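The listed protein sequences derive, respectively, from chains A and B.
Note that the numbering used here numbers the first sequence so that position 165 is 170, with each residue one more than the last.
Note that the numbering used here numbers the second sequence so that position 211 is 216, with each residue one more than the last.
What follows is a single structure, written as structure tokens, with notes after it.
There are 2 protein chains.
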Amino acid sequence: MDQGQGALTQLRAYLAQRDLPTNTRLPPERELCDILGVSRGELRKALAVMESNGELWRHVGKGTFMGARPAKEYSDVAGIAALTNPRDVMRARLLIEPQIAREAALNATAEDIAEMKQCMVASVQAQTWRQYENCDNRLHRTVVEAAHNTVLLALFDTLNAVRRAVVWGRLRNESVRPPKDHHSFAEHEALVRAIEERDLDGAGLAMLRHLSHVQDNLLAARQAAE
Amino acid sequence: MDQGQGALTQLRAYLAQRDLPTNTRLPPERELCDILGVSRGELRKALAVMESNGELWRHVGKGTFMGARPAKEYSDVAGIAALTNPRDVMRARLLIEPQIAREAALNATAEDIAEMKQCMVASVQAQTWRQYENCDNRLHRTVVEAAHNTVLLALFDTLNAVRRAVVWGRLRNESVRPPKDHHSFAEHEALVRAIEERDLDGAGLAMLRHLSHVQDNLLAARQAAE
DNA sequence: AAGTCTAACCAATTCTTGATTGGTTGCGCA
DNA sequence: TGCGCAACCAATCAAGAATTGGTTAGACTT
Numbered sequence: 006m007d008q009g010q011g012a013l014t015q016l017r018a019y020l021a022q023r024d025l026p027t028n029t030r031l032p033p034e035r036e037l038c039d040i041l042g043v044s045r046g047e048l049r050k051a052l053a054v055m056e057s058n059g060e061l062w063r064h065v066g067k068g069t070f071m072g073a074r075p076a077k078e079y080s081d082v083a084g085i086a087a088l089t090n091p092r093d094v095m096r097a098r099l100l101i102e103p104q105i106a107r108e109a110a111l112n113a114t115a116e117d118i119a120e121m122k123q124c125m126v127a128s129v130q131a132q133t134w135r136q137y138e139n140c141d142n143r144l145h146r147t148v149v150e151a152a153h154n155t156v157l158l159a160l161f162d163t164l165n166a167v168r169r170a171v172v173w174g175r176l177r178n179e180s181v182r183p184p185k186d187h188h189s190f191a192e193h194e195a196l197v198r199a200i201e202e203r204d205l206d207g208a209g210l211a212m213l214r215h216l217s218h219v220q221d222n223l224l225a226a227r228q229a230a231e
Numbered sequence: 006m007d008q009g010q011g012a013l014t015q016l017r018a019y020l021a022q023r024d025l026p027t028n029t030r031l032p033p034e035r036e037l038c039d040i041l042g043v044s045r046g047e048l049r050k051a052l053a054v055m056e057s058n059g060e061l062w063r064h065v066g067k068g069t070f071m072g073a074r075p076a077k078e079y080s081d082v083a084g085i086a087a088l089t090n091p092r093d094v095m096r097a098r099l100l101i102e103p104q105i106a107r108e109a110a111l112n113a114t115a116e117d118i119a120e121m122k123q124c125m126v127a128s129v130q131a132q133t134w135r136q137y138e139n140c141d142n143r144l145h146r147t148v149v150e151a152a153h154n155t156v157l158l159a160l161f162d163t164l165n166a167v168r169r170a171v172v173w174g175r176l177r178n179e180s181v182r183p184p185k186d187h188h189s190f191a192e193h194e195a196l197v198r199a200i201e202e203r204d205l206d207g208a209g210l211a212m213l214r215h216l217s218h219v220q221d222n223l224l225a226a227r228q229a230a231e
């Protein structure tokens, strides 16, 4: 019984001796057995104790590392897109973009608003669906730029990239349909007007309504496809 | 001179014959030479024309693919961190995390809430500042996980990574200060309670208040450092 | 009879090595 | 000069070997 804890104390001594930066890999179990002169079973018991204590973590094929197990962090756009679905993307837009619109209403400059209006004019004059989408994307990004916050802009770009990657396989029928009385025109105008009038709630609400309609269209298109 | 364009027309004919889904890889240049009976130099000229035309794209070691080259769109955390400042990061948290908390109140399961409570207990028992920060991070991430939305989780992770990168160089005096009556304890409890009671507004408000206090502390620490 | 050591095996992961592929250069030839 | 041909280069991929934590079975000790 004493030897069981003996392995743990020996391991602790070994780790204390060479001061341990977090996330450093320590030698494989079989080597540690030789070093500490302990059987693998006892060593594994000691390691299990320390692991459940959060002092280190192990993974098959990788090894044993100091510190707490790192959480899975998603930063890769393709990786995110593979793990998610249009619903979650749309939900995220509904939650986040209205907030950014509020911030834009707070910080937008005259130049920002001028560019928004220019985008709106261009979107009305667009002849193809592709052109319209470009104008629409540009308008939305201009709104985010108007918040004058690099972090928000980066998050928006990431969200946008995921959106494009996810919707990729959905809409291939974007041939030669020019939108005429698209609902977005009035909604965009309301959004820009609210931003211009520094109406935070109005801007957030306008963005929320606009995205809700976009969501409705998405669902409708999806049902029509089935 | 005619043969130079002859290779291009032959290539075009070959591609037109088998109708081409985008992002499909076509045979390597050496094979195409045999197939079309054209020298590699001429073939490469034709490929260069089509590539500059945006009809296909090539990459060493990968191959030649139909369609436009996929955009990079990598959200480089280090790049964002270099271009921003703690204020913008904090502002983004204030705008986004309360919204995610609302979504968590809507979708949290019993397991999610149990883990949140476990994090809170651990954070109170934490002996070192480092341990407390781990618990705090874990709690916040659990809240985001409770939203059950991969996109929101990914955005939060990105934001978090930027935050760590930005604040990294700021606070190095985190030696042996164990927090006792930290303001966060009560705020965390209010947040988790609101989520448990499916109180969307309450959850959002609790998160907002909590982050506001965090921001105040940040500003105070910064002023104290100057 | 319970515990422990040893050895072997398993599955996940990493490392290594060879082959593939677009890009480039030099030589021969007309 | 211009074209074809061959060889070479660096980036990438692919398949197999080696590594590593996790598990099991049997012999041995107490």
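Glycine included, every Cβ here is placed at the ideal spot set by N, Cα and C.
Everything numeric in this text was worked out from a predicted model, so none of it was measured.
Please report how far the alpha carbon of residue i lies from the alpha carbon of residue j, in whole angstroms.
i      : j      : result
A:Q228 : B:E108 : 25 angstroms
B:H188 : A:P26  : 30 angstroms
B:S136 : B:S128 : Sequence inspection shows Gln at residue 136 of chain B; the Ser mentioned does not correspond to that position. Roughly 7 angstroms between the two C-alpha positions.
A:L201 : A:A119 : Here the sequence assigns Glu to residue 201 of chain A, which means Leu is not the residue at that position. Near 10 angstroms, if we compare the C-alpha coordinates of A:A119 and A:E201.
A:R143 : A:C124 : 7 angstroms
B:D24  : A:C140 : 31 angstroms
A:I67  : B:V149 : The residue asked about is misnamed: residue 67 of chain A is Lys in this sequence, not Ile. Looking at the two C-alpha atoms, the distance is approximately 28 angstroms.
A:A21  : B:P33  : 56 angstroms
B:L210 : A:A226 : 36 angstroms
A:L224 : A:H215 : 14 angstroms
B:L61  : A:Q130 : 30 angstroms
A:L48  : A:R63  : 13 angstroms
B:G174 : A:V167 : Bear in mind that the predicted position of B:G174 carries a pLDDT of just 48, short of 50, making it unreliable; the figure below should be weighed with that in mind. So the two alpha carbons sit approximately 31 angstroms from each other.
B:L38  : A:R169 : Before going on, a small fix: residue 38 of chain B reads as Cys here, not Leu. Going from the Cα of B:C38 to the Cα of A:R169 covers about 36 angstroms.
B:L114 : A:N165 : Contrary to the premise, residue 114 of chain B reads as Thr rather than Leu in this sequence. If I take the Cα positions, the gap works out to 28 angstroms.
A:I85  : B:P91  : 26 angstroms
B:R96  : A:L100 : 16 angstroms
A:A199 : A:T133 : 28 angstroms
B:K122 : B:Q220 : 24 angstroms
B:N58  : B:R35  : 22 angstroms
B:R45  : A:N28  : 50 angstroms
A:A51  : B:V126 : 25 angstroms
B:Q10  : B:E56  : 15 angstroms
A:N222 : B:V82  : 34 angstroms
B:V65  : B:D204 : 55 angstroms
A:V54  : A:N112 : 53 angstroms
Below 8 angstroms on the Cβ atoms is my guess for residue i versus residue j; work out the distance and round it to an integer in Å.
i      : j      : result
B:A110 : B:A208 : 4 angstroms
A:V94  : A:V197 : With 8 angstroms as the limit, A:V94 and A:V197 do not qualify as a contact, their Cβ atoms being about 24 angstroms apart.
B:T163 : A:T163 : 6 angstroms
A:H218 : A:E192 : 7 angstroms
I'd like to know whether the C-beta atoms of residue i and residue j end up nearer to each other than 9 angstroms.
i      : j      : result
B:M212 : B:E102 : yes
B:V43  : B:A12  : yes
A:F190 : A:I105 : no
B:L31  : B:Q15  : no
B:D117 : B:A151 : yes
A:A76  : B:R98  : no
Practice task
Tell me, please, whether the segment 152 to 168 of chain B touches the segment 58 to 72 of chain B by the rule of three or more beta-carbon pairs shorter than 8 angstroms.
Solution key: no
Problem - Within 7 angstroms of chain B by C-beta, residues of the segment 81 to 98 of chain A in sequence order - result: V82, I85, L88, T89, D93, V94, R96 and A97
Exercise for the section: With 7 angstroms as the limit, tell me which residues of the segment 113 to 147 of chain B have their beta carbon closer than that to any beta carbon of chain A; keep them in chain order. Expected result: N139 and R146
Handout entry: Chain-ordered residues of the segment 151 to 167 of chain B with a beta carbon less than 7 angstroms from chain A
Key = N154, T155, V156, L157, L158, A159, L160, D162, T163, L164, A166 and V167
Practice task
With 9 angstroms as the C-beta to C-beta threshold (strictly closer), list the residues of the segment 101 to 113 of chain A near chain B in chain order.
Solution key: From the segment 101 to 113 of chain A, only I101, P103, Q104, I105, R107 and E108 have a Cβ closer than 9 angstroms to chain B.
Exercise for the section: Taking only beta carbons into account, state which residues of the segment 21 to 32 of chain A come closer than 8 angstroms to chain B, listed in chain order. Expected result: none
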